[in-house]
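>
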Amino acid sequence: MDIVLLGSGNVATSLAKALKNAGERLLQVYSPNIEHAVFLAKQVGAEGISNLSEVVRDTDLYIISVKDDAIEQVAQSLTEVSGLVVHTSGTTDIKSLAGHLKRVGVFYPLQTFSKSRLVSLDDVPLCLESSSDDDLGILITLAERLSSRVYQLNGEKRKVLHLSAVFACNFPNHLYALAAEVLQQSGLDFDIMRPLIRETADKVMVNMPLDMQTGPSVRKDESTVNKHLSMLNNLPHLQEIYQTLSNSIKLIHK
0 MDIVLLGSGN
10 VATSLAKALK
20 NAGERLLQVY
30 SPNIEHAVFL
40 AKQVGAEGIS
50 NLSEVVRDTD
60 LYIISVKDDA
70 IEQVAQSLTE
80 VSGLVVHTSG
90 TTDIKSLAGH
100 LKRVGVFYPL
110 QTFSKSRLVS
120 LDDVPLCLES
130 SSDDDLGILI
140 TLAERLSSRV
150 YQLNGEKRKV
160 LHLSAVFACN
170 FPNHLYALAA
180 EVLQQSGLDF
190 DIMRPLIRET
200 ADKVMVNMPL
210 DMQTGPSVRK
220 DESTVNKHLS
230 MLNNLPHLQE
240 IYQTLSNSIK
250 LIHK
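According to numbering that gives the first Met the number 0, the sequence shown holds residues 0 to 253 in order.
(1) Taking Cβ positions, are Ala176 and Met192 nearer each other than 8 Å?
(2) Closest to Pro215 by CA distance: which of Val224, Pro208 and Leu209 is it?
(3) Evaluate Leu209 with the Cβ neighbour count: other Cβ atoms within 10 Å of its Cβ, from every protein chain shown; 16 or more gives buried, anything less gives exposed.
(4) Counting only the same chain and skipping the five closest in sequence on each side, list residues whose C-beta sits under 6 Å from that of Asp59.
(5) Is the segment 139 to 159 touching the segment 8 to 23 in the sense that three or more CB pairs, one from each, lie closer than 8 Å?
(6) Is it the case that the Cβ atoms of Val28 and Ala21 are separated by a distance below 8 Å?
(7) Quick one: is Ser30 buried, meaning 16 or more other Cβ sit within 10 Å of its Cβ, or exposed?
(8) Between which two residues does the beta strand (DSSP E) harbouring Arg193 extend?
(9) Measure the CB-CB distance between Leu244 and Leu237 and report whether it falls below 8 Å.
(10) When burial is assigned at 16 or more other CB atoms within 10 Å of the CB, is Arg116 buried or exposed?
(11) Whether or not the segment 156 to 171 and the segment 84 to 97 are in contact is what I'm after, with contact meaning three or more pairs of Cβ atoms, one per stretch, closer than 8 Å; do they touch?
(12) Determine the burial state of Gly186: buried for a count of at least 16 other Cβ atoms within 10 Å of its Cβ, exposed for fewer.
(13) Which term fits Ala74, buried or exposed, when burial requires 16 or more other beta carbons within 10 angstroms of its beta carbon?
(14) When you compare only the Cα positions, how much space is there between Gln242 and Phe170?
(15) Measure the Cβ-Cβ separation of Leu25 and Leu4 and say whether it is below 8 Å.
(16) Where Ala11 and Leu228 are concerned, what is the direct C-alpha to C-alpha distance, given to the nearest angstrom?
(17) Based on DSSP bridge pairs, tell me the residues matched to Phe106.
(18) Let's test the definition: count the other Cβ atoms within 10 Å of the Cβ of Ile70 and tell me whether it reaches 16, buried, or not, exposed.
(19) Taking Ser49 as the reference, give the member of Asp133, Ile33 and Asn172 with the closest Cα.
(20) Which residues does DSSP pair with Leu5 in a beta bridge?
(21) So, for Gly47: in the same chain, excluding its five sequence neighbours on each side, which residues have a beta-carbon less than 6 Å away from its beta-carbon?
(22) So, for Val55: in the same chain, excluding its five sequence neighbours on each side, which residues have a beta-carbon less than 7 Å away from its beta-carbon?
(23) Suppose only complete runs of 4+ residues qualify. What are the alpha helix (DSSP H) ranges in the segment 126 to 181, listed by chain order?
(24) Looking at Val84 and Val105, is the spacing between their C-beta atoms short of 8 Å?
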């Protein structure tokens, strides 16, 4: 397929490289920052552009991979295109495109992406939605060239998936950052935590998280919980988080 990619951030970067590796042809990469557009475009053999008026109007697929609050603005600039237009958001309704375009869809990869760490899409769930069966078939064919995990999900289920991903990915990563803060205050290196983090993640690959819970709260070890809370007296924001999560663990294992 001939593809125009509108975006140059974390998701767009991994998606562009995966598409190129799958043999798709990227014609253009758009970003309001021309340096960002050109940088990514050069890596995938495309043209970098920074003005939406420069987007070619007659290609097969347009992928909008920008911040959620910018999706509709970009879509409004594509009203004259003949191809299929999709966005990569987990929370934005397909209606944000349908109000401006005839052929629309969603191509949402459920993964955490960073420009500094290239992620293969081979095992990444690709969640698809479209306004027509024909266009859905096009997206399924493309998705299956990129990943072994392809799902058709409507907007409501995709939003639930994205919410769950925040609990499963964003919040734990934030807790790692807080753990690093606690360690740093005592001159300890975060590297000592990595085997524990790896084992915790590995366990839920084959078991349900509820069954794998350990720690003082699930053991009802109030003495240890209170000691920990006391140790956090000088870090009240961490103390509050510790108390909230401890109460949640106690409640779910009541």
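No residue lacks a Cβ here, since even glycine has one placed at the ideal position from N, Cα and C.
Because the structure is a prediction, the values reported are computed rather than measured.
So, to answer that:
(1) no
(2) Val224
(3) exposed
(4) Met0, Asp1 and Gly82
(5) yes
(6) no
(7) buried
(8) Segment Arg193 to Lys202 is the alpha helix (DSSP H) holding Arg193; no beta strand (DSSP E) there.
(9) no
(10) exposed
(11) yes
(12) exposed
(13) buried
(14) 16 Å
(15) yes
(16) 42 Å
(17) Leu127
(18) buried
(19) Ile33
(20) Tyr29 and Ile63
(21) Val28, Ala36, Val37 and Ala40
(22) Val3, Leu26 and Gln27
(23) 132 to 145 and 154 to 164
(24) no
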